[in-house]
Each structure stands twice: as C-alpha cells, then as structure tokens.
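Below is one structure, written out as structure tokens, with a few remarks after it.
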Amino acid sequence: MWEFSHLNAACFQVFLEKFSATYAQDIHIIQLDNGAFHFSQHLQIPENIILLFQPPHTPQVNPIERLWEEIKRHLAWESFGTLDELRQFIWRRLEKLNTSIVASITGWDFILDALFESNFS
148 MWEFSHLNAA
158 CFQVFLEKFS
168 ATYAQDIHII
178 QLDNGAFHFS
188 QHLQIPENII
198 LLFQPPHTPQ
208 VNPIERLWEE
218 IKRHLAWESF
228 GTLDELRQFI
238 WRRLEKLNTS
248 IVASITGWDF
258 ILDALFESNF
268 S
C-alpha cells in the first residue's frame with residue numbers, strides 16, 4: 148500500500164506509475180470520480196491502465212465509497228491524540244482487508260455486470 152501527501156495530479160501520476168509497475172502483467176480498469184486532478188493534461192496514463200470515469204455527482208456508484216464506510220465504521224467511537232495515531236489506526240484497518248473482504252464490499256452486481264457487458268472481463 149502507498150500513502151501520498153496530497154490529492155493532486157502529481158501524486159496521482161506517481162500512483163499510476165507505481166500501480167502499473169507493481170501489476171505490470173495485467174490490464175487494469177480504475178474507476179474514478181471527476182476530481183480535477185484526474186483530468187490533468189500532464190497525466191501520462193500507463194498502457195496497462197484504463198481510466199473509467201463515473202457520472203458526475205454519483206458517489207453511490209463508486210465502490211471505494213463503501214470501502215471507506217467500512218473503515219469509518221471502526222472509527223466511530225475512537226479518539227486519537229495525534230494525526231499519526233489516526234494514520235496508524237487506518238493502516239492497521241487496511242492491512243486487515245483481504246481480497247475476499249474487498250470484493251464483498253465493492254463487488255456490486257450492477258458494476259460487475261456493466262464491466263462484463265463492456266467486454267472488460
């Protein structure tokens with residue numbers, strides 16, 4: 148897992164490069180919201196990555212929102228003295244996730260059906 152200091156085009160570019168290199172043998176579809184940094188003209192999209200943009204103002208169709216709900220569910224009654232304590236707590240929660248847990252949280256039938264219909268399977 149990687150952690151980035153900012154939510155901007157420069158950090159997104161680094162993410163794309165790291166993701167592409169780490170999983171170089173496969174083609175990947177990354178679903179994105181319409182954050183301005185996702186549309187930077189300076190982005191260089193690696194050949195093994197396809198960006199799939201969701202419709203504007205539709206967080207309900209973004210699987211990552213359900214994953215964050217799961218993480219935040221464990222934060223509800225916690226209190227942290229420092230930002231670093233919060234960061235460590237979130238990292239521990241993320242490390243507990245495995246492929247089957249993530250798939251059960253984010254693998255909505257309508258998204259999977261749409262991908263299969265689009266020949267992205």
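Under this note's numbering, read the sequence shown as residues 148 to 268, first letter to last.
Built from N, CA and C at the ideal position, the CB exists for glycine as well.
Give me the Cα-Cα distance between residue i and residue j, rounded to the nearest whole angstrom.
| i | j | result |
| --- | --- | --- |
| residue 178 | residue 185 | 11 Å |
| residue 268 | residue 154 | Only weak support exists for where residue 268 lies, its pLDDT of 48 falling under 50; the value from the coordinates is given anyway. Cα to Cα, residue 268 sits roughly 30 Å from residue 154. |
| residue 231 | residue 260 | 40 Å |
| residue 218 | residue 240 | 7 Å |
| residue 235 | residue 242 | 10 Å |
| residue 225 | residue 233 | 9 Å |
Determine, using beta carbons only, whether residue i and residue j come nearer to each other than 8 Å.
| i | j | result |
| --- | --- | --- |
| residue 156 | residue 204 | no |
| residue 163 | residue 196 | yes |
| residue 214 | residue 174 | no |
Assuming residue i and residue j are in contact, meaning their beta carbons sit under 8 Å apart, how far apart are those beta carbons, in whole angstroms?
| i | j | result |
| --- | --- | --- |
| residue 166 | residue 158 | Contact doesn't hold; Cβ gap of about 12 Å is too wide. |
Quick one, which of the options has its alpha-carbon nearest residue i's?
| i | options | result |
| --- | --- | --- |
| residue 191 | 264, 237, 160 | 160 |
| residue 269 | 210, 235, 225, 260 | The requested residue 269 does not occur in the structure, where the chain is confined to residues 148 to 268. |
| residue 168 | 193, 202, 233, 240 | 193 |
| residue 202 | 216, 220, 180, 187 | 180 |
| residue 149 | 256, 237, 226 | 237 |
| residue 255 | 171, 212, 187, 228 | 212 |
Enumerated in chain order, which unbroken segments of the beta strand (DSSP E) with a length of 3 residues or greater are wholly contained in the segment 195 to 263?
Counting only runs of at least 3 residues, the segment 195 to 263 fully encloses the following beta strand (DSSP E) elements, listed from N- to C-terminal order: 196 to 200.
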